[in-house]
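J.: Got a structure for you, written out below as structure tokens; questions coming shortly.
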Amino acid sequence: MTKILYTDKLDNCVERWRSAGLSVIGPVRNANITAYRPVGSAADLELSQILPDRSIKELFFPQTEPMMRYSIKKDAINTEECLPPVGPRIIFGARPCDASGLAIDDPLFGWDYKDEYWFNRRNETVIVSIACTKSDEFCMCTSLKLSPDSTKGSDVLLRPLESGKGWQVEELTDRGREAFKAIAELLTEGAEAAAPTAVVAEKFDADACSEWLRNPENFESRFWKEISVRCIGCGSCTYLCPTCHCFDIQDEGDTFTGIRRKNWDSCSFALFTMHTSGHNPRSTQSARWRQRIMHKFNYFPGKFSANSCSGCGRCTRQCPVDMGITETLQEISKLSQ
Amino acid sequence: MSEQFEPEIVAFVCTYCTYAGADLAGTSRLKYAPNVRIIRLPCTGRISPMFILKALQKGADGVLISGCHPGDCHFTHGNYHARRRWMVFRALLNFIGIPPERIKYSWISAAEGLKFADLINSITEDIRKLGPFEQYDKLIAETEAQASL
Amino acid sequence: MSIEQQYRTRAKELLSSGEVKMVIGYSKGSTPDRRRPAFISTPEDVETLVLDGACIANLSGYLVTEGLLSDEKRVAVFLRPEGIRAINILAAEFQLNAAQVEILGFNTEGNEPTALSGSKVDDFAELIGTLKGIIPDTAGEELYKKLEAMSPQERFDFWQSEFSKCIKCYACRQACPMCYCRRCIVDNNQPQWVNTSSHTLGNFEWNIVRAFHLSGRCVECGNCDRACPVNIPLRLINRKMAGEVLEAFDHFAGSSQTQEPVMASFKKDDTETFIL
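Laid out in structure tokens, this is it:
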């Protein structure tokens with residue numbers, strides 16, 4: 000017997016959570032794009048898509064957010080810190096790859112200085128993931144030692160029922176159990192079978208790739224130029240990635256008043272490493288693509304013992320020139336044999 | 000009676016004709032609406048569309064672009080280039096949804112102090128009728144607010 | 000012989016004879032319906048070239064890759080008519096020497112590619128003449144008409160909702176063959192005219208600037224629109240601007256390699272009905 004949440008109860012759940020003080024967020028389709036957004040009622044949820052077009056990271060690390068306001072007057076300089084919005088929230092219908100992405104980035108945002116912008120939000124958010132029963136040719140979670148029903152980063156995991164009428168509930172953390180107490184009476188005990196999870200073929204051997212990347216001889220390999228020759232240098236892969244976390248700090252305003260903002264940045268941009276002198280240590284697109292791969296599968300695991308990739312496949316899915324991590328790592332797998 | 004809305008208008012003018020025209024209006028003691036802030040530039044050809052966008056963003060209710068009559072440009076054809084640019088920029092703003100009536104264009108020579116004074120009065124009235132430019136207010140509020148998520 | 004085979008043979012000849020140092024074309028992508036840009040420099044690799052109805056990306060932008068044409072050797076490239084027009088513009092704006100570009104021209108009517116005869120950009124002058132004023136790809140036409148019929152405020156609301164999705168990944172810029180500036184206006188910070196932040200206001204600024212810089216230069220190949228990861232209908236703005244310069248100045252972008260750029264030229268009797 001397991002706890003079961005039926006789809007027709009979902010609207011009541013949203014109500015209950017809201018009256019318990021949680022804001023409810025989930026995949027919402029609007030203006031031809033699906034993203035994690037506040038939900039009014041269960042009808043707003045778009046749960047049939049393989050995964051939302053935009054990743055979950057923007058709920059914790061928005062594309063732009065204010066950090067500080069400043070004003071300079073004749074004999075005073077005033078600064079006012081801006082912190083992220085407060086209040087508990089529940090994300091219903093995250094994909095396991097997105098939830099894992101958050102868990103991958105936690106050590107990064109907390110290894111020396113604890114990033115309040117990230118952790119204030121993390122500590123107030125309950126993540127309810129739904130295991131995938133569908134996948135497409137870009138999904139690659141299994142190559143990253145994750146799976147379509149991975150629990151990493153989730154507080155509750157739901158497994159779709161075979162009948163399609165609801166989900167088996169698996170409460171994973173105290174925070175998840177707490178949130179599901181509010182809807183305890185809407186859950187049913189049952190033995191209904193769960194639908195089989197999506198089959199995601201393993202596309203590359205991430206460990207072998209990491210080893211190849213760690214070999215200093217391969218840093219200057221011709222491979223980098225060959226694999227990235229068609230890269231146009233946009234930031235689409237970075238900005239859709241659930242684990243890419245680089246940001247830029249910009250002061251917006253004038254001499255006397257303004258706002259300091261934290262904005263997404265991408266290692267694909269030529270400007271990312273440009274020095275004031277005009278020298279650019281990563282002067283070619285192949286050097287920038289190498290950095291992206293090295294960072295995800297060599298430097299990051301070296302420091303935090305996990306690859307900085309959760310296998311969502313958005314980078315390849317949306318790439319204007321059909322590049323992406325999958326192809327690069329497949330090629331590296333071949334080279335490392 | 001409620002207070003009358005006083006529009007703020009930014010005028011980008013060329014120094015050789017319209018600025019001199021404005022000067023003439025002043026030295027001729029012509030009275031015109033005080034709603035215009037003049038920014039002097041070397042030529043209408045120097046006026047980037049970014050100037051107009053920034054003016055609207057920073058609170059202008061209307062913008063005036065003015066320079067030498069065709070054929071009179073100090074740099075021989077700066078105003079011809081500018082004219083093409085405005086033609087296209089107007090269409091773009093209109094398509095994006097910023098009413099083109101808020102941006103006015105004129106040719107005023109150094110001898111046309113009277114035209115300058117009249118024009119300022121008439122465009123001030125026009126913009127007054129359109130009311131304050133509020134389309135950007137919501138967007139500006141968003142830039143000043145805390146992150147929404 | 001299929002057009003694909005015909006063009007493979009031609010590419011092979013060009014490479015073996017040393018007439019070109021590289022062929023830029025299409026090869027199979029990661030899914031059956033995807034094609035990706037391919038850079039072929041040996042005759043043996045020619046067999047990987049694909050030419051079918053799915054080959055729609057405009058590849059002309061790769062020609063202005065830093066250093067590619069600086070050795071004065073020639074490069075062959077697969078181009079649809081919009082791509083050929085793009086070569087004209089790049090030549091007219093002194094970004095490349097059109098004599099260095101060997102064109103493997105094709106068009107896609109329906110799902111089948113057809114060959115276009117000619118190899119130098121000027122060979123296609125007549126064809127381009129017949130295309131004047133025709134929208135290359137009418138996708139989104141219904142929405143376009145709806146937008147035209149709206150009031151400015153309604154249009155503003157529409158674009159506000161679209162631009163609020165923008166994440167400033169600059170895929171539109173990077174995918175565009177006309178956006179070749181070494182340093183884009185948004186990458187300049189002294190002065191910083193365009194906010195780097197991607198709040199809706201910053202997104203408005205960026206998209207207005209982008210559209211303005213492409214006015215009279217855009218060939219409507221649709222690269223930007225297809226590249227946009229958040230599905231903003233960018234082509235509609237470009238379509239508007241292309242229509243505007245055609246109507247106002249009788250300028251059809253990329254008509255010839257000697258065509259004067261519309262924003263860098265003028266006529267003494269250009270319309271000025273809007274000037275007081």
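Residue numbers (numbering that gives the first Met the number 0), protein chains in the order written: chain A, 0 to 336; chain B, 0 to 148; chain C, 0 to 275. Glycine residues also receive a C-beta, built at the ideal position from the N, C-alpha and C atoms. Note that the structure is predicted; figures quoted are calculated from it, not measured.
If you draw a straight line from the C-alpha of A/I55 to the C-alpha of B/I64, how long is it?
T.: Numbered from its first residue, the first sequence carries residue 55 of chain A at position 56. Numbered from its first residue, the second sequence carries residue 64 of chain B at position 65. Cα to Cα, A/I55 sits roughly 46 Å from B/I64.
J.: Contact criterion: CB-CB distance below 8 Å. Does B/E143 meet it with respect to chain A?
T.: What you label residue 143 of chain B is simply residue 144 of the second sequence in a count that begins at 1. Cβ-Cβ to chain A under 8 Å: yes for B/E143.
J.: Please list the residues of the stretch 130 to 150 of chain A that have a C-beta atom closer than 8 Å to any C-beta atom in chain D, keeping them in chain order.
T.: The question asks about chain D, but that chain is absent: this structure's protein chains are A, B and C.
J.: Can you tell me where the alpha helix (DSSP H) with A/L270 in it begins and where it stops?
T.: Here the question's residue 270 of chain A lines up with position 271 in the first sequence. Counting along the chain, A/L270 falls outside any alpha helix (DSSP H), and DSSP gives it neither H nor E.
J.: How far does the alpha helix (DSSP H) with A/T325 in it extend, from its first residue to its last?
T.: Residue numbering aside, residue 325 of chain A sits at position 326 when the first sequence is read from its first letter. Unbroken alpha helix (DSSP H) run through A/T325: I324 to S335.
J.: Go ahead and pull the three-state DSSP assignment for A/K261.
T.: Within the first sequence, the letter at position 262 stands for residue 261 of chain A. The answer is strand: DSSP assigns A/K261 an E or B state.
J.: Starting from the Cα of A/T63, find the closest Cα among C/D51, C/T199, C/A138 and C/Q4 and give me that residue.
T.: Position 64 of the first sequence, counted from the first residue, corresponds to residue 63 of chain A. Comparing Cα-Cα distances from A/T63 to each of C/D51, C/T199, C/A138 and C/Q4, the minimum goes to C/T199.
J.: Could you tell me whether the Cβ of A/S153 comes closer than 8 Å to any Cβ of chain C?
T.: For the purposes of this step, residue 153 of chain A is taken as residue 154 along the first sequence, with counting starting at 1. Not an interface residue.
J.: Let me see if you follow: with CB-CB separation under 8 Å, is B/G96 close to chain C or not?
T.: Locating residue 96 of chain B in the second sequence gives position 97, counting from the first residue. It does: the Cβ of B/G96 has a partner Cβ on chain C nearer than 8 Å.
J.: Between the alpha carbons of A/L143 and A/K202, how many angstroms are there, rounded?
T.: Numbered from its first residue, the first sequence carries residue 143 of chain A at position 144. Numbered from its first residue, the first sequence carries residue 202 of chain A at position 203. C-alpha separation (whole angstroms): 9 Å.
J.: Report, in whole angstroms, the separation of the C-beta atoms of A/C138 and A/I331, which I expect to be a contact under 8 Å.
T.: Here residue 138 of chain A is taken as the residue at index 139 of the first sequence, counted from 1. Here residue 331 of chain A is taken as the residue at index 332 of the first sequence, counted from 1. No, A/C138 and A/I331 are not in contact; Cβ-Cβ is about 19 Å, not under 8 Å.
J.: Would the stretch 119 to 126 of chain A count as touching the stretch 149 to 163 of chain A if we require 3 or more Cβ pairs under 8 Å?
T.: The answer is yes - the stretch 149 to 163 of chain A touches the stretch 119 to 126 of chain A, with three or more Cβ pairs under 8 Å.
J.: Applying a beta-carbon distance threshold of less than 7 Å, which residues of chain B neighbour C/F203?
T.: The sequence position of residue 203 of chain C within the third sequence is 204, counting from 1. Under the 7 Å cutoff, chain B gives L138.
J.: Tell me the residue span of the beta strand (DSSP E) that contains B/K103.
T.: Start at 1 with the first residue of the second sequence, and residue 103 of chain B comes out as number 104. Start and end: I102 to W106.
J.: Quickly, what does DSSP pair C/G24 with across the bridge? List them, please.
T.: For this step, residue 24 of chain C is matched to residue 25 along the third sequence. Answer is C/A37.
J.: Terminal residues of the continuous beta strand (DSSP E) containing A/W166?
T.: By one-based count along the first sequence, residue 166 of chain A stands at place 167. Residues G165 to E170.
J.: Residues of chain C with a CB under 8 Å from the CB of B/N34: which are they?
T.: Taking the first residue of the second sequence as position 1, residue 34 of chain B is located at position 35. Going along chain C, no residue has its Cβ under 8 Å from B/N34, so there is no contact; the nearest lies around 16 Å.
J.: Let me know the alpha helix (DSSP H) ranges lying completely inside the stretch 21 to 89 of chain B, each 4 residues or longer, listed in chain order.
T.: The qualifying runs are 48 to 56.
J.: C/D156 by DSSP, collapsed to three states: which one?
T.: The residue labelled residue 156 of chain C in the question sits at position 157 within the third sequence. Helix.
J.: Can you check whether the C-beta of A/C243 is within less than 8 Å of a C-beta belonging to chain C?
T.: By one-based count along the first sequence, residue 243 of chain A stands at place 244. Not an interface residue.
J.: I want to see whether chain C comes within less than 8 Å of B/Y149, judged by CB atoms only; does it?
T.: Absent from the structure is residue 149 of chain B, since the part of chain B shown begins at 0 and ends at 148.
J.: Tell me, please, which residues DSSP counts as bridged to A/R68.
T.: In the first sequence, the residue the question calls residue 68 of chain A occupies position 69. Looking at the DSSP assignment, A/R68 forms a beta bridge with A/E79 and A/I258.
J.: Report the rounded CA-to-CA distance for C/K131 versus A/L50, giving the unit in angstroms.
T.: To locate residue 131 of chain C, count along the third sequence from 1; it is residue 132. To locate residue 50 of chain A, count along the first sequence from 1; it is residue 51. C-alpha separation (whole angstroms): 42 Å.
J.: When DSSP labels each residue in this structure, what does C/S261 get in the three-state scheme?
T.: As a first step, residue 261 of chain C is located in the third sequence; it is residue number 262 there, counting from the start. Sequence inspection shows Val at residue 261 of chain C; the Ser mentioned does not correspond to that position. In the structure shown, C/V261 sits in a helix (DSSP, three-state: H, G or I).
J.: So what does DSSP say about A/Y112, is it helix, strand or coil?
T.: Here residue 112 of chain A refers to the residue found at position 113 of the first sequence. Of the three classes helix, strand and coil, the one that applies to A/Y112 here is coil, per DSSP.
J.: Excluding sequence positions up to five away, which residues of its chain have a Cβ less than 7 Å from the Cβ of B/I122?
T.: Residue 122 of chain B sits at position 123 when you count from the first residue of the second sequence. Cβ within range, chain order: I8, G61, L63 and K103.
J.: Can at least three beta-carbon pairs, one atom from the stretch 96 to 114 of chain C and one from the stretch 184 to 191 of chain C, be found at a separation below 8 Å?
T.: The stretch 96 to 114 of chain C vs the stretch 184 to 191 of chain C: no contact.
J.: Below 8 Å on the Cβ atoms is my contact criterion, and I expect A/C339 with A/S267 to pass it. Report the Cβ-Cβ distance as a whole number of Å.
T.: Given that chain A is displayed from residue 0 to residue 336, the structure contains no residue 339 of chain A and the question cannot be resolved.
J.: What is the rounded straight-line gap between the Cα of A/P37 and the Cα of A/V23?
T.: The residue given as residue 37 of chain A occupies position 38 in the first sequence. The residue given as residue 23 of chain A occupies position 24 in the first sequence. Going from the Cα of A/P37 to the Cα of A/V23 covers about 6 Å.
J.: Do C/N222 and C/A53 have their C-beta atoms closer together than 8 Å?
T.: Taking the third sequence and counting its residues from 1, one reaches residue 222 of chain C at position 223. Taking the third sequence and counting its residues from 1, one reaches residue 53 of chain C at position 54. For C/N222 and C/A53, no; Cβs fall outside 8 Å.
J.: Would you list, in sequence order, the uninterrupted alpha helix (DSSP H) runs of no fewer than 4 residues that lie entirely inside the stretch 124 to 155 of chain C?
T.: 124 to 130 and 140 to 148, all fully within the stretch 124 to 155 of chain C.
J.: Could you tell me the boundaries of the beta strand (DSSP E) in which A/D250 lies?
T.: Working through the first sequence from its first residue, we reach residue 250 of chain A at position 251. First-last of the beta strand (DSSP E) with A/D250: F246 to G252.
J.: Look at the alpha carbon of A/R174 and the alpha carbon of A/E115, and state the distance between them as a whole number of angstroms.
T.: Within the first sequence, numbered from 1, the residue matching residue 174 of chain A stands at position 175. Within the first sequence, numbered from 1, the residue matching residue 115 of chain A stands at position 116. When rounded, the distance between both Cα atoms is 19 Å.
J.: Could you tell me the alpha carbon to alpha carbon distance between C/E141 and A/T78, rounded to whole angstroms?
T.: Reading the third sequence from its first residue, position 142 is the one you call residue 141 of chain C. Reading the first sequence from its first residue, position 79 is the one you call residue 78 of chain A. Rounded to the nearest angstrom, the two C-alpha atoms are 50 Å apart.
J.: Quick one: list the residues of chain A neighbouring C/S197, beta-carbon separation under 8 Å, in chain order.
T.: Reading the third sequence from its first residue, position 198 is the one you call residue 197 of chain C. Ordered by position in chain A, the residues that pass the 8 Å Cβ test against C/S197 are Q62, T63, N262 and W263.
J.: If I follow the unbroken beta strand (DSSP E) through A/V27, where does it start and stop?
T.: Taking the first sequence and counting its residues from 1, the one referred to as residue 27 of chain A is at position 28. Taken as a continuous stretch (DSSP letters only), the beta strand (DSSP E) holding A/V27 covers S22 to N29.
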